[in-house]
Every structure is written in C-alpha cells, then in structure tokens.
Amino acid sequence: MTTHLTARLTWHDTAWNGRLCANPDTNAACMEHEHVRALRRLDVEAPHAGCGLVDLKRVTGYLPPCQRDANAFGEDAYVICHQDPLDGRNLPSVEEDVPAFSVCPTPYRWMLESNFRDICEAENLLIPAPKNPSATWVQEDTRQRQLLERFWGKLEKNRSLVFFYCNRGNAVDDEANRLLVGVSRIAEVANPTYFGQSSAFPGRFPVWSRRVTHHYPREGVRIPYQEYLHRDLDVDGIVCRPPRDLSLPFSYVAEHLSDGQAVSALLAIMTTVERLEADRKAGRGVDGDWAGALAWLDGALDEVWSGRGAYPGIGAMLRALGCSQGIGYHATVLRQLERNGRDPWQHVKDLFEGRRQPEADYAHSLAEAILCWRKMPSRHKLIDLLVRFELTTDQIADILNEDTRKQRGILATNDAILENPYRLFEQDCGTKRSAPVSLEVIDQGMLPEGDAARFRTDPPLPPHDHRRVRATMVAVLQRAASAGDSLLPFPTLVQRAASFFPESRRCAADAETIWSSEDRTFHEQILWFRDAPAPESWKRADADAAADGADDELAELREDLGAAKPTEGERPILRLAALKSVRRWELEIAQVIKKQVGALADLPAEGPDWRALLTVPEEEGGFGEPQTGREHAAIDEKIMALEVLYRNRLSVLTGGAGTGKTSILRIFLRTLRALEGPRSTLLAAPTGKARVKLQTSTGRPAATIHQVLSDAGMLGPNYRILETPEKGKLSYNTVVIDESSMPSVELLAALFRAINTGAIARLIFVGDPCQLPPIGPGRPFIDMLRWLRQAHPGCVADLGTCMRTDGAGGMAVGLQLANGYRDESPPGDDMVISRVARSSTHGDLTLMTWNDHGSLLAKLDEAFAMLNITPGDAKSFDRSLGISEEEWKRSEAWQIISPTRIHPFGTGEINRVVQERYRGRELTNANNANRWPRAMGDQGIVFHDKVMQRVNEPKWLPEGTEGMRFVANGEIGIVTAAWKKKPGEEKGQDKLHVNFSTQPKASYRYLKSEVEESLELAYALTVHKAQGSDFGGVIFVLPRKAQTLSRELLYTALTRYRGRLIVLAEKDTEVLERLRNPALSETARRSTYMFDLLLGDVGTDVPLPPRYRPEGLVHRAEDGTPMRSKSEIIVYEALKGLGLQPLYEQRLCAPTDPDDFCLPDFTIVHGGRTWYWEHLGMLANKGYRDDWEAKEAWYTRHGFRDRLLTSRDHPGGSFGAVYADEIRETARTWILGH
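The working numbering runs 14 ahead of the 1-based position in the sequence shown.
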C-alpha cells in the first residue's frame, strides 16, 4: 500500500519551467491565490519577463510568490526563502535549495486545528491535545513536528507518485475547480527544515512544506495546456479533471492520495494523453512522445492496482462500524497480511465471528465494530461487497442504513445493490458532507486489475457486462444533461460510452446488443430509448398530435416501462436515448402546458378598459398619455398583451429589454385583484435576485422556485429535488413565472409537481427567449414558446416596441445593437456596429477597442470617466456607489461585466485591479492587524468593497430593523462596517457588515468564517451572474475569444443596462459581427424533445441519407448554411436553384471609409457584377419601416442602390410557391438578365 501526493501549482504561462512567466502582467489566474496577490511585484516581474529565477534573484534579490512550485517542470536550481506562516510570531526565516523538477507544497489540512482529532484517529496517532483548541492552526512545535513527520513520512521515494493540479486559478477552464496538470514519480522528499529561534516563542518550529523532487521527464507526463493555448488549439478537448469523488485529496495544496484514488487519477490522465496522441496524428495538436507517456502510465497503473489491494474499503468500513482506528488497522495490520498472501477481509470476518482474537493494540477499538457486525446479520453480504470499493466512512455509513441511504437518493434495496453494485453510482446524489459515489470507484471494484483482483471467487466481469454498459451510458447522459442536452442520438451515446474510459478499459458496448437484445429491458429501467423510421423528409407530427402523445408516453414512464418496445426484424433509421428521469421531466412539462391551453370561461365579453389603465399618469401606476408614434404603438401592443393574459388559462409574455414586461405585469395583477378579489397568487422566479426584482417591481410577495419546493416538502438534503411533495401540493389561482428562460426542465417540472396545476386559472410565463439558456438540461421556455407560436399563437403576447430612447425619440442605441443577436432582427441593426465603430459614441452606446491588458486597463479608466469617476480617485469612486452619502441603493449604479472569470479580461483580474486602485487605503489598513481586521475570504474583501451575495440564506437582524431577514443569491451591496474581534476574545471572530441595494436599511453581519462561502467582490461580474439584474451603467469587456461566448451571452450582456452602455471590444468589431451568426447560439446547440424533436450539435450523428436533415432551432439551408429566419432560407434556396452563389451577411464597406459598413442579407456575384439582396419583413411596423428606410438611404448614399434587390413577406405569412416564384422572377430579370 503506497501513499501518493497531490501538489497544487500556481498557474504559470510557460509551464513551471523555473522562469518568470512570459507575460506576468496578464497572468490573472495566479492572482486567485492570496499569497500571490499579497506579494507579487509586477514592477520587478514585468521588466524581467521570462527570466530564469536564478538570474532574477542574483540581479534583483526578488523571487516571485510562486517560487515554491515554479520549478515543477524546470531544469534550473535556485534558493527560496521560507517565511513564518503564523501571524504574530515572526520567527526568523530560513532558506532552502530547490533543484530541478522540484516543488515545495504545504499540507494545510494537517495543520488546521479543527482536523486534528480526525487525523489522529485515521492515522492512529497519539499526540497531546492542543493548549488552545479554538486556535485556527496547530500552534505547538512538538505537535506540528509529529503531524508533519507522519504526513511526509508516508511518502516513499522511487515508489510514490506526485499528481500536480491547479484549482480555480487556472487559465484553461472557467468551470473547473480542479484541473489535473500532470504526474511523475517522487525521487526524493527532503529532510525537514526549521525556522530560526526566537526567545518569545521557544521551541523548534518546522517549515510546514517539504521539498519534493521527482523523476520528470524520464518518468511522468505533463498535459500541455500552455502549448495548446499559445497555438490557439482546442484546449477544451484535453481538459483533465479529477473524478468527482476526489475533491478532498485535491485540496489544501498538499494531500495524500491512496492507491485506489491514484488509479482514478491515472485513468483520467491516460484518457487525456490518448487524445493528445490522436490530436498529434491528426495535425491539430503538439509534438510529444505521447505513446511513450502512455506506456509509462500503463506501468504506473499496474503498480497502483497492485497497491490498491482487493479490499480498499476495509478501513472506512471498520470506522463506519465503530472502530475509530479502522484506517490505521487496515494500513498497518491488514495490508501486511495481504502482502503475505492472506485474505485481509477473511481475517476481519474471523475476528467478527469469534474465530480469532483481535490484535492487542486494536482490541478495544475493534470491540465496538464486532458488536455492530453481530447486530446486522441481514447486511453481511452488503458489507462483503462494499469493502471492495474505495468508499469513504460517510458513504459506507449512509449506504448501510436504509433511511440515510434514501436521503442520498439511493432507493435500491440491499439485494438490488448486491445484484448490481453500479446502482450506487446511478442513484447516489451525495450529501453536504459526502460526495456522490463515482462511477470510477465502483468500476475499479467490479473490474479490478493485477493484484487488486486477488481473493476474488466470482468470475471476472466482462468489460461489456450489461451493468457496466448501462452505468457508463448513464454517466455520458449525465454529462450531456449538465451541458444542456436532454437527449442524444443513440450513435452519439454509444460512441461517447466507448471513449469514456482509456483504451485498456474500454467499455465495448455493442449498439445492436443494447438496442435489440433482452438486455434492453434492463437498460430501460433508467434509460429511455426510442426508434422512429425517418420519413422522405424530416417531418414532425402537428403540434397538437405531438402533445397528445405525451400523455400515453408519460403513463408508460410512470409505470417504469420502456418508452418504446424493441422492434423485431427491423433496423430503425433514427434512434434516440435519454435518461428516463430527464425525459419524464420534459413530458410532464408538456402535459401541463397542453392541459392548460385554452380560454377562460365566464369572462365578460367586454374586459377591463386597458387603455385607460395604461394611460393614467406615471405617479398613479400607468405610462401617461402617448405623445409620439412609438408611444402609441407601445400602448397598442400592451393592450393586446393584457387581453392575452386576461383571457387565456396559459399565456406567455415575452419581449426584449425596455419593452415593459414587468410594468404591464404590475398593472395586470393590480387590475385582476380589483376585478376578481384577493385570490391566491404565486409570483415565482428562478433565482433570489430575480425574486427580489419581481417583488419590488410588482409590489407583491414573490418566492424563488426553490422556496416553493421547500414549502411543498420537495427539497431533500443538500437541496436535492425530491420526486413528490411530502408536505402536500400547494394551490394557487394565478401563477406567474418570471425570468422563464432560466429554469431547466428539472426545476420547472419540479415546480409543476409541487403545485396543484389543476387549480390554476391563469399560468403566465414572463421572459426573453434570447437570453442565456438554463444551467442544466433542456430549454423548456424556448421549446414551449416555439410550440405555442405554431399551435396556439393567441396564447403569446409579444412586446416589440422598446421605450428606452436615445434622447431623440428613437430606440436606445445599445438595445438596437442587442437586437442584432435576436432571431428576428430589424433592418439596420447591423449598421449600429458601423456607426459606433466610426464615432465611438452614439446615443447611449459607446464602443472602445483594446489590444492588450495594458490598453484594456486604460480603456477601463476612460469608461470610468464617462461614469463621472476620476481614474484613481477614491472619492469620486465612492460617490458613484453612494458610499459618500450612505445611499446604499446606488451600489448598482454601474457594473462591469465580462464573459468569463478567468483570463486578464475576466472578472477575477478586473475585480483585483479595481479593488487595488480604489480601495488602496482600506487594503493598507487591513494589513495593520493590530487595529483593523484582515482582508476576508480568498478575494481579500475589505471595508467599503462592493460585494455580491453568493448563496440564498436567512440572516439575523435586530428587532425593529427594516429588512427581509433573508439575503438572496445575486444581491449586491457595500461593506459598510468591518470590526476586529476584541482582544482576549478566544472564540470571537473578525466580522463585517453589508448593506444591499435591495435592502438599504438593513445591515447584515458576516463573520470572517462565513465570508468565503457567502460573499464575493462585485465590481465585475460574469454575464451569467448578471442575468436577471440591470444596472444604471454597464461596462462590458468583450474579448475576441472566450470559452463561454455565444449569441445569447452577448445579447444578455448588452441588455443589462438602463442608462449607458460602454463596450470595450478586443481589437475591433469582429466579434460583434461574428456572433450574429445563428450557428453560434448556445440555445440552438442543445438537443431537446419536449414537443418536437430538435437536434443541435449532435444532429449530424443521426444516420440519415444525405437528402434528410434533422431539424433544430437554427434555420439551415440544404447545404448547411445557418440563417436567422425561414424567410431567408427561402430566398437563399430560390437563388441557389438558379445556379447563383449567394453569400450570407458579408460586410459591405462604403467606398471611402472601411469603418462605414452594413451587412446585406445576401451578396451575389454574377457576370462580373455584384448584387445585394435584402429581405424585408414587418414593414407594417413603423419602427421596422423607419429602420429599413435608413438602411436604404445608406445604399443610395454610397452608390449601391442600382444593385440592391429586395423581397418581402406576404401578409399572413412568408411561405409558398408564389413567394419563391417572385424571388426567382426578380433574380432572372435583374441578375441573370432574362
């Protein structure tokens, strides 16, 4: 049994090569670490970028704060200096040599006083109790030495492996909390070093870290993230994360890893290295001996399999049964028996059953486990099974107890688990203290290799065993659901399952065996399969028929039957697969929607006088009398929308920013109450911040969807959504769901299970379909809206007139720009980009460009100046946020947003820069520990910082204080007080107080220990976190490339402002033009089947003849070209049919100015001439017509009018042979000349 090491690295842009970063000023990832933020000196690093640390120290006397791990893969040697880690002691520092390929990680978990007892029990250590149990860190030198000797002493040179990783501070993956970087074999663990002596603190205090040297490059592998990033290759394809149950071993900078855990980590790295080799062969990767790396990994894997042993769970099992020394007993006694060829679990069972006496040193501790074993004879077989898996004590204890097992979501009985142990992975949802059981853990126990397979009496498990195949498919579909897909084409599922494990452990699933054999019934216990022969063209049942079929299919699912029976003697063309739970969520939503559709009975023919209600003065809750054509149009469409809401049992209120959705909702609810009395009403929102906004805008109580689920008894441990409302269903007459684009199918289906949908008179969805899709599976709002538009258009109320103006009566320019990223955009939206590119500021929109990190910060200063903040001036900065006048509502007066957290343009770095520039005095005070509290949390939050709440939580307020006594995730406020704990107060903590913009009179207290989980800096937010909020002014940092960029993200970002929008775009307007492409839609990328089958990115995986094309949300021509509308598809296909080659949205520049341009719908070159084609839609709409006339004038002004051709939608629809014939006739006459 070998113990291995994990070592956290600080991100380095040239791969920890013993040198400074090549671009230290743009390494934002390393600034995630507190010690780097505190000690990095860019004034030294920037002039010496790329310099070897040996030379850097010789010339400057400086080493970067990452000095302990900067040489992890470097060939140089240098000397580092260790500083005393504990406040108040100031022990003399000590130096240590760092040779090539070395790191100096620190096992911080072992030095935390709160972990002392658990570590001593697990390691069988007898160490004196602390003198001060309330201290954060172990204080006494003797106790430190004993703990560190045990930690470092368990590592063996030339045997133990060291796994390198980064945490959130990486430049690769915005969502990765842990990122595996590489692995090697430990060559040496240095002897301990000690700090200098101090008369004030007598003793021999050790340096907590040890220098660890490894055998790279002879042994080991490093994943070339930096090389992929530098060459702009697909780095997402080589991202390597530890399995989900290895969070603890990959934490606290340095930690132990068991052989079994090392198996999981090595398999993950091996899978990535196989991709590296495939990329290299395909010419899309980087050079390297990846085949040699795979051979070394294979050998290391053999070793850890042998060290894992046959029963890695014995120690945890003994602890779960009451033996506190179980881990130590396993490591010392039982592993020695195993090395001698004796079955360790049989030895334990002999103890349990009285055939052998326990070893004297462990007799007392084992006595409790023996007693517990004898009280549970019905679970002996289950225990025999569980010791094969490397489970934690908490996991085993929960699984053995049927009640706590259910709390984890595991409904399988003991017998069912024995029959198929993979069910533990398939069903376990975990708890707050315990991660879910991973597929890798179960798979290792079911399919062990080498010595790990000793003592097994059952036959070996075939790699294609149906239980293993199903579990792997579940894992694939879970990942797909997390990425947004509610189903996959069956070929995609089989392909991904086959590549889930490394080649040596390939899950060789046979598609025909899964689909057609008797195993299908087994798979369909938790999976959904459907086959459907493809018609001559991709056809869908009409909307009503599709919805009617949902009832029968849902009934089958509820009976736990397959959704479709295997077909005999027939090979279906189209095969689909999904998790049965996800499929059921979609069908439940479809069922509720279908049943709710219809007009309300017994309403008077003459409804409320909506015009009168809308045109009362603003102070009375209306909009006032319309004065302009735009205002008249807005009132007219609001009247129509209110009628839709009033007369329908199901309605959707949709529209872009500034169209007045929440305003008319307020009027509607007020009027409904006056007409029908105080009937029960639910106003629900998906997030805490959206709930606060909904409640404030309507003046009515609102709840988050999770609060509704809690009231119905549908929230289990760790906020897990339960299947049924244990407290009973809730009843409401009117249900309004705001920000409807945000809930996933899981959350929306759960809401419908929590309430009595049969009692709902009006179900109203409010949202903007062009915003970001849900986090999680599906896009229920989009799919519902699409179906309603086709089948029941009278249920949809569209608000299209934006009442935010540019000051001259026109639509706000920033929102005009945003309209270019909607599915149906008005003519001229493309020209907004051109106008601001030429003049920088146009109306409420300003566009500035930047080329590098330095110029980005300079443009940020210019943007601040436009918001009346003098760059570098804390006073004007404080005034802008209401700090000077204590007007806490103004904390949302402006907001910086970015697509990503990582990278120099991400929120992490921008927050750090803004805090450093404008909270400098407060940061300095925080370093004076004698008078001020230290900065709190990983981001170092201090007095007067702008912060955001990260979780929903109730908070205490003094009696009589005005406030909600609850702070919602997403609320933004200011740190209005910071207090240091009183001298001599042992159990006290530093604390701070926050006043939020939504609750300005409430000052909420946060203890230092609460800050990290509850608060984060909020000068800059990611677009995802800003969704559902709006701000007075917005500064949007827009890079050319980011992992999260999509049309919806750009649209969401551009619509977060109320007053001024400042876009800081990298280099030029290229990204603004590129993201107009409908194919870059995150919503359309997803595959769903709520009403109609809509396939996104995986549509090409469906094996259809070339003449068939699966349908998705993106309109595509026959040749695959994506376009915004079906009308444009008709134009394109008609032109193609004539032998022309139309190009979609190609930039057309004015002859004298390349920044003055538009994007014609189509550009056609024929016979030496170039023609431009525009398709016109809603010309009856005045705003649309005005936009077109302006664009037409541009063509005339620059001499293109004689080559401009147009087509128009017909009244009542834009489809049909006549429409296409008109296009062909125009093209023949003007372009072809006949």
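We put the beta carbon where it would ideally sit given N, CA and C, even for glycine.
Item	Value
C-alpha distance - A626 paired with R893, whole-angstrom precision	41 Å
Given 8 Å, three or more beta-carbon pairs between the stretch 290-303 and the stretch 247-267	yes
Length-filtered (3 minimum) beta strand (DSSP E) runs lying within the stretch 180-222	193-203
Residues that W1185 bridges to, as DSSP identifies them	I1178
CB-CB length for A282 against T407, believed under 8 Å	Contact flag wrong, Cβ pair sits at about 24 Å.
Which listed residue (F115, N939, G669) has its alpha carbon closest to that of R33	F115
Cβ contact check for the stretch 1196-1215 and the stretch 1108-1115: 3 or more pairs under 8 Å	no
Close beta carbons around L311, own chain, < 7 Å, minus the five adjacent residues each side	V235, L280, I283, M284, V287
K969 to G977 span [Cα, whole Å]	10 Å
Cα-Cα separation, A1241 to E1142	15 Å
Beta-carbon proximity check, E936 vs D952, cutoff 9 Å	no
L1108 vs L1094 beta-carbon contact at 9 Å	no
T1102 - partner residues in DSSP beta bridges	L1108
With 16 other Cβ atoms within 10 Å as the buried cut-off, status of R224	buried
Beta-carbon contacts of L1064 that lie in its chain and below 7 Å, excluding the five residues immediately before and after	Y835, L1089
Nonlocal neighbours in the same chain, by C-beta distance under 7 Å from F919, ignoring five residues either side	L870, S912, V1051, P1053
Per-residue burial, K996 [other beta carbons within 10 Å of its own, 16 or more giving buried]	exposed
Assumed close pair R51, G954 - CB separation to whole angstroms, cut-off 8 Å	6 Å
Those residues which DSSP pairs with Y1071 across a bridge	F1045
Inter-residue Cα distance where the pair is G886 and R945	26 Å
CB of E1027 within 9 Å of CB of R964, strictly	yes
DSSP state of W993 mapped onto helix, strand, coil	strand
Extent of the continuous beta strand (DSSP E) run through I94	92-96
Buried versus exposed, by CB contacts within 10 Å (16 or more), A497	exposed
Residues sharing a beta bridge with Y1020, DSSP	L1006
Unbroken alpha helix (DSSP H) run spanning H1038, endpoints	1037-1040
For N1091, the nearest candidate out of D844, K1039, V1077 (CA to CA)	D844
Proximity below 9 Å, CB of E651 to CB of G814	yes
Between the CA atoms of R493 and V277 - distance to the nearest angstrom	21 Å
Limits of the unbroken alpha helix (DSSP H) element including C1172	C1172 -> not in any alpha helix (DSSP H); beta strand (DSSP E) instead, spanning 1167-1172.
Outcome for S854 when other beta-carbon atoms lying within 10 angstroms are tallied against a minimum of 16	exposed
Best match in W908, Q275, R470, R393 for proximity to T358 [C-alpha to C-alpha]	The sequence shown places Pro at residue 358, rather than the Thr named in the question. Measuring from the Cα of P358, the nearest candidate turns out to be R470.
Assigned secondary structure, E550 (DSSP; H/G/I helix, E/B strand, else coil)	Reliability of the predicted coordinates at E550 is poor, the pLDDT of 42 falling under 50, and the value obtained from them is presented with this limitation in mind. Of the three classes helix, strand and coil, the one that applies to E550 here is coil, per DSSP.
Those residues which DSSP pairs with V253 across a bridge	In DSSP, V253 forms no bridge with anything.
Range covered by the beta strand (DSSP E) that runs through R734	Segment: none, R734 is in no beta strand (DSSP E) and carries neither H nor E.
Close Cβ partners of W1244 (< 8 Å) along its chain, the five nearest in sequence each way excluded	W1185, L1219
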